[in-house]
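Enquirer: For the sequence shown, the residue numbers in the UniProt record's numbering are 1 to 1075. Here it is, the structure, as structure tokens.
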Amino acid sequence: MHDNSGPSGAQMAALPSDWSPRLLIIDHYDSYTANLLTLLPSPICANTIILQHTDERLTDSSRYALEVAPFIDAVVISPGPGSPENDADFRTSARILQDCMRQVQDEDSISPLRFPVLGVCLGHQGIACAGGARMKRARMLQHGSQSSVRWSSAECEGAGRLGSGLFAGVPEGATVVRYNSLVVDEQTLPSSLRVIAWATDAAPTTEAPSPSPQFMASYQGVQPAPNGLASTAQSDSNGGDERIVLGIQHESLPIFGVQFHPESIESAYGKRIMFNFLASVAGFWSRKGLAGPNSSSAFSRRRAWNAGQGLPPHLSPNRRMAYQVPGDDIVPTDMEVAALPHVSLPSEITAPRTPTFDREDGPSQHRRPPSAQSDVSWTSSPSSSASLTTGNGLLALPNSSSTSITTVSVDSHSPRSLSVEKAPVKEGHRSLSERPKSRWRVMSQLFNTTSTVPLPVATDAPEIFDRLFRKRNASAIGSVWLDSARPHDPHSRYSYMASPRFILSYNTAVRTVQVRSAESGAHFGNSAIPLPLGTTFWEWLNQLQTGLQQCTSLAPTVLQDEVTPPTEAASDAGSVGTEEQDRHATVFKGGFTGYFGYEMKAESLGLEHATLGGSATPDAEFMFCDKVLCYDHIADRWTAYAVVIHDDVGGRGAGVSPTFPESVASSLAQVQSALSASQKSFGSARGDALLCDTESDAVAWFSTVGAVLQEVAAAGPQRAATFHASLYPQDLPTLHSDDTQNTYRDKVEMARKFIAAGESYELCITSAFRGKRAPIAAQASEAEADRDHFGLYCALRKKNAAPYSAFLHLPALEVPGSAPNSRGRAILSTSPERFMRVLRSGEAEMKPIKGTLARAGFAKGEEHMQPRWIGAPVLSESEQAEESRKAAWRREQDLLRRAKLAADPKERGENLMIVDLIRADLLSFCHPSSVRVPKLMRVESYATIHQLVTTVRGQLRPGVSSVEALRRCFPPGSMTGAPKRRSVQILEHLEAHGRQASDQHPGRKPQRGIYSGALGWLGVDGAADFAVVIRTAVAEGDDISVGAGGAVTFLSSADGELSEMLDKARSVGPISMST
């Protein structure tokens, strides 16, 4: 990871003091566009607007000239899939470039459509094509690869061989990251464009597949890309090394292009390159006489960017990111001087863009932007309906650290003058208004081991779950165990056990939330909540979860045992200290557990719903758990939590407070009404009692938990082995793939063709394996023990321990004309990958995994070298010697394989592409300065495989909830590829190729179901933790399915991808795949 540092303070000071140009970034549906914001100083970041190239304000030339061009000072054209030679991919940007590059008689004259331009990757190619050059396919495709930037000696300065112009201060040989299949044909460049940087690509070792017309037509017939397909430009047929144009510059205009991604986490000097471009912007307008103190040009009255004017209101609310649903208003900039789209501002600030400009008869009064180090944040959200008025009006907003509130005072006599004060922040990082009166509160009971009363340890967890949440809840609608099953793993800190009070099930095809309570059993009746037209499940669940958060008191009510000091109890209950303590203190105290299936991408990405022949399995399902048992694997301590009716609420029959916000009251009332309609025998209870119990109920449950913990501990350590032996059965059935080996290879090659055509950088291909368990007779002795697949899960967690394992038992689906299967449904997950965790403080963390290699003994043909599992019979002396020899071989091989994985360019490229994608995802709702990568491509070893893992973190903006953060990153980039939106559309076609599943409807799009989605919890305190659904078996009655796959890049081989996919599937269970 490079220190992508920018220019020094002295160099920054050399620029104009009132330096805040307004930038337009044209986004070509690229998953990396937002990362460009990380290269900008904060004041300029706040004056930056991102518009998709399909936005009508750009596609309509008249609207562009009236609504956009007068308010910008420079243009950045983003990377993106496709080709600039394809109208559907680049028509709008090509027109804007032609305006910027149009020759005029007087180069110093003013044109309202002429701006400095920086083109990145696709934008770079577009500049070349606008000048008359042609594209060609590179001999060696580069996706997530690093290249060394070179230039001729004439372009260098001094012995340090530093570049000039756009590359001033950049040493020759600096490494940059490239994502490209197409390159500029240098032989066709016009004289007006000169090459200022290049790289040399070695002769390719992998043949680039050329997409046949039939193949591309087949793709278009199934799912045409929204922006068309890439040009079928051909590469040179000559062998040997190839010189690649990495930088171009117009001979007389500040128009630059780079065939690399300066914003990538592994590109060096990205901020320096952006700084050099911005310096050229300042020089351009200075030469036009628009930045001088005596300028009297009429045009300068519209373009006085040096006066520090921000974007106008008609642009500021629309800084939307690529691949987001139209209508989103959360902006990607650092918002240090951003306009407030939902707030009433004084006319002095929202004046039309005829800004004040320097006059000879006196000093001008400007609203100067804060320095780049300023923490002032101007934003707005539904939860913080702040107003800003003239006079002594105040606007209180959280800063990026969420530890104080920045109060911005506006003086009516000097409306451009800002004074800043700091004030303590109230509880919670998302709400600035006074919290509504609490309806519920959280109680907890700590259980500690003492010298006389030992308590169970991690090995006893399966029996604890069995006794408290299976056998004691025989009539319950499900149970959940979020199981940190990997011993001594730093990510395996907490495990949670619970049974739900009610379940919410949602299917994108019918757009109705089904509600069933513990008392209603399989009955649905009238317990359905139809979503209003235009409302997604993400939005509805966000309202519900936010409402519960606002209505629940988080002040700890701790029932301590005699050995727990009060301060320790209070700390464990959720107080926040240092950053690391906050991560440890953020635990699940009650709320929702469940999953977002992969098909929820239709609503998160705004894609077409697959309605024809859709699966009956819910696309999202969440269980509300008001009682949770938590085990701390580090402290060896059990804590029980319960969400209870607040003492002040006045009885079990209380309804929703009319003083709550309307959206909160509506969502809670809908659920309460549905629960009332669906229950059969819940007595006369209503209102709050439908969602949780009273304090006395919680105390009784705590007593039950304590008794069971002591009973299990008293039985001694041998009890765990006895319990495991009693489980039935122990193994998954053999699972058969939907694909043959040849059809999977075909899918890999088709993916490589799309990549070669410039349609994607990386595509995550998957396959499904299915099998069927032998049915159990109703009177069989094992029927009760096997009713929820719990025995299978216990065997799986022993074989494939992982930090984000989970067992979810769900009620059987209602299928017309058939009786529910006695085994019901279950999710048996041993996922090693975190999708996203959101702390109470608002820090979001993601841990993508890309790059996999089988551990020694677990590759094909190495089965005889595997270790003996726990429980094996006592070994003879010769057998012990043989086991020692195998162990030594495994240790040696694992060291070699870890080193090989860490250095593998293909695997590193896969990981890098997803890391850059996730950084851009987080930038759409986090402060840009907070998004960081503390761990980049570390090798982590699991029971059967080694994997490359990266950690990315960012701080949520005020007003962004956990559900909203999850939506904006869904589906997980590690399961799609990049760019995300285009890749998802391509995958829908590729994964339908050759499918053999008997239940495939001829007109139905293939569905991954729960696999590739996200599973975890949403707390009543606003925190959340979700894992990617991989290494997971999904059971529906007797039917078992497992998904597996891998990321395909240009460097992939069909055999290598097939082998990797099979290794992942084998980590779950026995598999079979025909040739």
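Where a beta carbon is used, it is the ideal one built from N, C-alpha and C, also for glycine.
1. On a Cα-Cα basis, can you pick out the residue from K860, A620, C625, E621 that is closest to L548?
2. Put P532 into one of helix, strand or coil per three-state DSSP.
3. Opposite D466 in the DSSP bridges: which residues?
4. Please identify the residue among W638, M600, L315, T593 whose C-alpha is closest to the C-alpha of P456.
5. Of the choices P867, G1056, Y942, E67, whose alpha-carbon is the least far from that of K886?
6. Can you name the start and end residues of the alpha helix (DSSP H) that R897 belongs to?
7. What number of angstroms, rounded off, separates the C-alpha of A698 from the C-alpha of D1021?
8. Which of the three DSSP states, helix, strand or coil, is assigned to P733?
9. Can you tell me whether DSSP reads D201 as helix, strand or coil?
10. Taking 6 Å as the limit between beta carbons, can you name the residues of its chain near H124, skipping five residues before and five after?
11. Quick one: any contact between the region 981-994 and the region 943-954, if contact means 3 or more CB pairs under 8 Å?
12. Just checking my contact of E833 with V1028 at CB under 8 Å: how many whole Å lie between their CB atoms?
13. Reducing DSSP to helix, strand and coil, say where K906 ends up.
14. Thinking I765 and V1048 are a contact (beta carbons under 8 Å), I'd like their distance in whole angstroms, please.
15. When you compare the CB positions of E266 and L901, do they come within less than 7 Å of one another, or not?
16. I need the DSSP call for H53, collapsed to helix, strand or coil.
17. Just the Cα atoms here: how many angstroms apart are L40 and T200?
18. Please report the residue range of the beta strand (DSSP E) in which S767 lies.
19. Can you give me the Cβ contacts of L709 inside the same chain, cut-off strictly under 8 Å, excluding the 5 residues immediately before and after it?
20. Check whether the region 845-860 touches the region 913-925, counting contact only when three or more Cβ pairs, one atom from each stretch, lie closer than 8 Å.
21. Using the C-alpha atoms, what's the distance from D489 back to H633?
22. Note down the Cα distance separating I90 from N180, rounded to an integer number of angstroms.
23. For R114, which option in L796, V75, E1057, E608 has the closest C-alpha, if you only look at C-alpha atoms?
24. Does the pairing of the region 44-63 with the region 144-152 give three or more beta-carbon distances under 8 Å?
25. Helix, strand or coil, according to DSSP, for G954 in the structure here?
26. Indicate the three-state DSSP secondary structure (helix, strand or coil) for E814 in the structure shown.
27. Can you tell me which residues form a DSSP beta bridge with I645?
28. Quick one, which of E749, E762, R161, V628 has its alpha-carbon nearest G977's?
29. So for C692, helix, strand or coil by DSSP?
30. Output the residue ranges of the alpha helix (DSSP H) runs that lie fully inside the region 118-176 and measure 4 residues or longer, sorted by chain position.
31. Three or more C-beta pairs closer than 8 Å, one from the region 185-202 and one from the region 128-138: is that the case here?
32. Where do the ends of the beta strand (DSSP E) carrying G594 lie?
33. Hey, V628 and Y496: beta-carbon distance below 7 Å or not?
34. Assuming residue 1076 and A826 are in contact, meaning their beta carbons sit under 8 Å apart, how far apart are those beta carbons, in whole angstroms?
35. Could you check where the alpha helix (DSSP H) with D489 kicks off and where it finishes?
36. Evaluate N542 with the Cβ neighbour count: other Cβ atoms within 10 Å of its Cβ, from every protein chain shown; 16 or more gives buried, anything less gives exposed.
Expert: In this structure, then:
1. Per the Cα distances, C625.
2. Three-state DSSP puts P532 in coil, outside helix and strand.
3. Answer by DSSP bridge pairing: none, since D466 is not bridged.
4. Selected option, being the one with the closest Cα: W638.
5. Taking each of P867, G1056, Y942, E67 in turn and checking the Cα distance to K886, the smallest one comes out for P867.
6. It spans 877-903 - the alpha helix (DSSP H) in which R897 sits, taken as one unbroken run.
7. Spanning the alpha carbons of A698 and D1021 requires a straight line of approximately 19 Å.
8. In the three-state scheme derived from DSSP, where H, G and I count as helix and E and B as strand, P733 is classed as coil.
9. D201: strand per DSSP, three-state reduction.
10. Once the five neighbours on either side are set aside, the close Cβ partners of H124 are G257, V258, Q259.
11. The region 981-994 vs the region 943-954: no contact.
12. Between E833 and V1028 a beta carbon distance of about 4 Å is seen, short of the 8 Å cut, so the two are scored as contacting.
13. Three-state result, K906: helix.
14. So it is a contact: roughly 5 Å between Cβ atoms.
15. Not closer than 7 Å, so no.
16. Three-state DSSP puts H53 in coil, outside helix and strand.
17. Distance between the alpha carbons of L40 and T200: 29 Å.
18. Boundaries of the beta strand (DSSP E) harbouring S767: 762-772, taken from the DSSP string.
19. So the qualifying residues of the chain are F447, L455, P456, I464, W638.
20. These segments touch.
21. Looking at the two C-alpha atoms, the distance is approximately 10 Å.
22. With the sequence shown as reference, residue 90 is identified as Phe, and Ile is not the correct amino acid for it. C-alpha separation (whole angstroms): 16 Å.
23. For R114, the nearest C-alpha among the options comes from V75.
24. Not touching, per the Cβ criterion.
25. It is a strand residue.
26. Coil, per DSSP.
27. Answer is W440.
28. Just measuring C-alpha positions, the residue of E749, E762, R161, V628 sitting nearest G977 is E762.
29. Note: C692 maps to coil in three-state DSSP.
30. With a minimum length of 4 residues, the continuous alpha helix (DSSP H) runs that stay inside the region 118-176 are 122-130.
31. These segments touch.
32. For G594, the enclosing beta strand (DSSP E) begins and ends at 591-596.
33. Their beta carbons are under 7 Å apart, which means V628 touches Y496 by this criterion.
34. Since the first residue shown for the chain is 1 and the last is 1075, residue 1076 is missing from the structure and cannot be characterised.
35. D489 -> no alpha helix (DSSP H), and no H or E assigned at all.
36. Buried: at least 16 other Cβ atoms inside 10 Å.
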